[in-house]
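Only one structure is covered here, and it is reproduced in the block below.
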Amino acid sequence: FPGGVGEVRGAGGTSSALSAENALRSLLEALTSPPYAPTQHLEREQALAKQFAEILHFTLSFDELKMTNPAIQNDFSYYRRTISRNRINNLQLDAESEVNNEMANRMSLFYAEATPMLKTLSNATTKFVSENKTLPIEDTTDCLSTMACVCRVMLETPEYRSRFTNTETLLFCMRVMVGVIILYDHVHPVGAFAKTSKIDVSGHGGGEHPSHPSHPSQHSSDAWNVPCGDISELVQRGIHPLPSSEEEDGEEGDRPLW
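All the letters of the sequence shown, read from the start, carry residue numbers 1 to 258 under UniProt numbering.
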C-alpha cells in the first residue's frame with residue numbers, strides 16, 4: 001500500500017467511511033427537520049449544505065482513486081498472508097503497522113466494493129429514511145434534488161461558471177451533482193431515472209468534462225462560496241427554472257425541471 005497500512009486504516013479507509021456516514025446522517029437530519037422545508041434549510045443553513053457537498057466531493061474522489069488502483073484488494077490480501085506467516089514463525093511484528101483481525105475483515109469487505117465510500121453513504125441515506133418514518137420521504141428527496149439543481153445551474157449559467165478559476169472547482173460541482181443524484185436514486189420510490197423524477201438526468205453533464213488536474217486545488221469548494229442572496233437565487237432557479245423558448249411560444253408539454 002502506498003503510504004503504508006496505517007494510512008489506509010486512518011484517513012483513507014474504513015474509519016473515514018464511518019466518520020462520513022455519521023456526518024451525513026447528522027446533516028440530513030439538520031437539513032430536513034421541521035418546521036422548515038428542505039429548500040428553506042438550504043437557504044438558511046448554507047454552511048451545512050457546503051459540508052454536505054464537501055463529504056460528497058471527498059466520497060467520489062476517494063472512490064475514483066480506488067477504481068484507478070484495482071490491485072489494492074490483492075495487496076491487502078498479500079499483507080494479511082504475510083502477517084499470518086510471521087506469526088507462525090514467531091517473528092517480531094511492528095505493533096503500529098499491524099492491523100487486527102476485526103479491522104482486517106472490515107477492510108476486506110470495504111475494499112471488495114467497486115465504490116466503497118459511495119456504497120457506505122448510499123446505505124446511510126437509505127437507513128436514515130427507513131429509521132425516520134415520521135419524516136416525509138419527500139423532505140429527503142427534495143433536499144437532494146434541490147442540491148442537484150443548484151449544481152447544474154452553477155455549471156450551465158455563464159454568470160456563475162465564470163467565477164470558477166480552476167478545473168478542480170468544476171470537478172467539485174460535478175462530483176457533488178453526481179453524488180446527490182445517486183443518493184436520490186437510492187431513496188426515491190421510483191428512482192432518479194423515471195419520467196416523474198424531479199431530476200432530469202438526461203440533461204446532466206454541465207458541458208464538456210474538464211481534464212483532471214495533476215494536484216487537487218485547495219479552492220475546490222469555491223463553487224459554494226457565493227453570497228447568500230446568490231444561493232437563494234440558485235435554489236429558486238433550481239425549483240422554478242426559467243421557461244424555455246418553446247414554452248414562451250405557447251407549446252404544450254411538461255416543462256423540464258432545469
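Even glycine gets a Cβ: it sits at the ideal position worked out from N, Cα and C. Quantities reported herein were computed from a predicted structural model and do not represent experimental measurements.
What's the gap between the Cα of Asn166 and the Cα of Tyr111? Start at 1 with the first residue of the sequence shown, and residue 166 comes out as number 166. Start at 1 with the first residue of the sequence shown, and residue 111 comes out as number 111. Approximately 31 Å between the Cα atoms of the pair.
Here's the rule: buried if 16 or more other CB atoms are within 10 angstroms of the residue's CB, otherwise exposed. What is Gln51? Within the sequence shown, numbered from 1, the residue matching residue 51 stands at position 51. Flag for Gln51 reads buried.
Which same chain residues end up closer than 7 Å to Thr126 when comparing Cβ atoms and leaving out the 5 residues on each side of it in sequence? Indexing the sequence shown from 1 puts residue 126 at position 126. Counting only Cβ-Cβ distances below 7 Å, and skipping sequence neighbours, we find His186 and Val187.
Rounded separation between Ala223 and Tyr184 - CA only: Locating residue 223 in the sequence shown gives position 223, counting from the first residue. Locating residue 184 in the sequence shown gives position 184, counting from the first residue. Per-residue confidence for Ala223 stands at a pLDDT of 43, beneath the threshold of 50, marking its modelled position as unreliable; the derived number appears in the next sentence. Answer to the nearest angstrom: the Cα atoms are 21 Å apart.
Let's test the definition: count the other Cβ atoms within 10 Å of the Cβ of Ala53 and tell me whether it reaches 16, buried, or not, exposed. Locating residue 53 in the sequence shown gives position 53, where the first residue counts as 1. Its Cβ being crowded by 16 or more others within 10 Å, Ala53 is buried.
Identify whether Asn123 lies in helix, strand or coil by the three-state DSSP scheme. Working through the sequence shown from its first residue, we reach residue 123 at position 123. Asn123 falls in the helix class under three-state DSSP.
For Ala124, I'd like the list of residues in its chain whose CB is within less than 6 Å of its CB, leaving aside the five on either flank, ordered along the chain. One-based indexing of the sequence shown puts residue 124 at position 124. The residues are Glu21, Leu24 and Arg25.
Less than 7 Å separating the Cβ of Ala37 from some heavy atom of the ligand FMN? In the structure on display, the ligand FMN does not appear, and there are no ligands present to speak of.
Kindly indicate the opening and closing residues of the alpha helix (DSSP H) around Ser102. If you number the sequence shown from 1, residue 102 lands on position 102. What sits at residue 102 in the sequence shown is Glu, not Ser. DSSP places Glu102 inside the alpha helix (DSSP H), whose first and last residues are Asn101 to Ala112.
According to DSSP, is Arg25 helix, strand or coil? Taking the first residue of the sequence shown as position 1, residue 25 is located at position 25. Three-state DSSP puts Arg25 in a helix.
Can you grab the Cα-Cα spacing for the pair Lys119 / Phe58, in whole Å? Counted from its first residue, the sequence shown places residue 119 at position 119. Counted from its first residue, the sequence shown places residue 58 at position 58. For Lys119 and Phe58, the distance between alpha carbons rounds to 13 Å.
What do you reckon, are the CB atoms on Ile181 and Ile199 nearer than 8 Å? Looking up residue 181 in the sequence shown gives position 181. Looking up residue 199 in the sequence shown gives position 199. Going by C-beta atoms, Ile181 is nearer than 8 Å to Ile199.
Nearest residue (CA-CA) to Pro116, options Gln73, Met154 and Glu138: In the sequence shown, residue 116 corresponds to position 116, counting from 1. When C-alpha distances from Pro116 are compared across Gln73, Met154 and Glu138, the shortest belongs to Gln73.
Whether Gly179 touches Leu56 by CB criterion (8 Å): Residue numbering aside, residue 179 sits at position 179 when the sequence shown is read from its first letter. Residue numbering aside, residue 56 sits at position 56 when the sequence shown is read from its first letter. Yes.
Pro70 classed as buried or exposed, judged by whether at least 16 other C-beta atoms fall within 10 angstroms: On the sequence shown, residue 70 is found 70 positions in, with the first residue counted as 1. Answer is exposed; the Cβ neighbour count stays below 16.
On a Cα-Cα basis, can you pick out the residue from Glu102, Thr146 and Pro136 that is closest to Pro189? Taking the sequence shown and counting its residues from 1, one reaches residue 189 at position 189. The shortest C-alpha separation from Pro189 is found at Pro136.
In angstroms, rounded to a whole number, what distance separates the CA positions of Ser31 and Ala49? Translated into the one-based positions of the sequence shown, residue 31 becomes position 31. Translated into the one-based positions of the sequence shown, residue 49 becomes position 49. Here residue 31 is Leu; the residue named in the question, Ser, does not match the sequence. Whole-angstrom Cα-Cα distance: 8 Å.
Could you pull the start and end residues of the alpha helix (DSSP H) that Ala47 belongs to? If you number the sequence shown from 1, residue 47 lands on position 47. Its alpha helix (DSSP H) spans residues Gln46 to Met67.
Met67, buried or exposed, once every other Cβ within 10 Å from all chains shown has been counted against 16: Counting from 1 along the sequence shown, the entry for residue 67 is found at position 67. By the 10 Å Cβ count, Met67 comes out exposed.
For Tyr78, report the span of its alpha helix (DSSP H) as first-last. Within the sequence shown, numbered from 1, the residue matching residue 78 stands at position 78. Counting along the chain, the alpha helix (DSSP H) containing Tyr78 begins and ends at Ile72 to Ile88.
Distance, Cα to Cα, Val129 vs Ser33? If you number the sequence shown from 1, residue 129 lands on position 129. If you number the sequence shown from 1, residue 33 lands on position 33. One C-alpha to the other measures close to 12 Å.
Burial state of Pro38 (16 or more Cβ within 10 Å): Position 38 of the sequence shown, counting from 1, holds the residue named residue 38. By the neighbour-count rule (16 or more Cβ atoms within 10 Å), Pro38 is buried.
Quick check on this structure: which residue in Thr196, Ile88, Phe172 and Ala148 has the alpha carbon closest to the alpha carbon of Ser61? Counting from one through the sequence shown, the residue named residue 61 turns up at place 61. Looking at the Cα atoms, Phe172 is the closest of the given residues.
Whose C-alpha, out of Arg81, Cys149 and Leu144, is nearest the C-alpha of Glu29? Residue 29 sits at position 29 when you count from the first residue of the sequence shown. The candidate whose alpha carbon is nearest that of Glu29 is Leu144.
Hey, Ala148 and Met177: beta-carbon distance below 8 Å or not? Sequence index remark: in the sequence shown, residue 148 carries index 148 (1-based). Sequence index remark: in the sequence shown, residue 177 carries index 177 (1-based). Taking 8 Å as the Cβ cut-off, Ala148 and Met177 qualify as a contacting pair.
For Leu121, which residues of its own chain have a beta-carbon under 7 Å away from its beta-carbon, when the five flanking residues on both sides are left out? As a working note, residue 121 is residue 121 in the sequence shown. Cβ neighbours of Leu121 beyond the five flanking positions: Ala20, Glu21, Leu24, Thr59 and Leu183.
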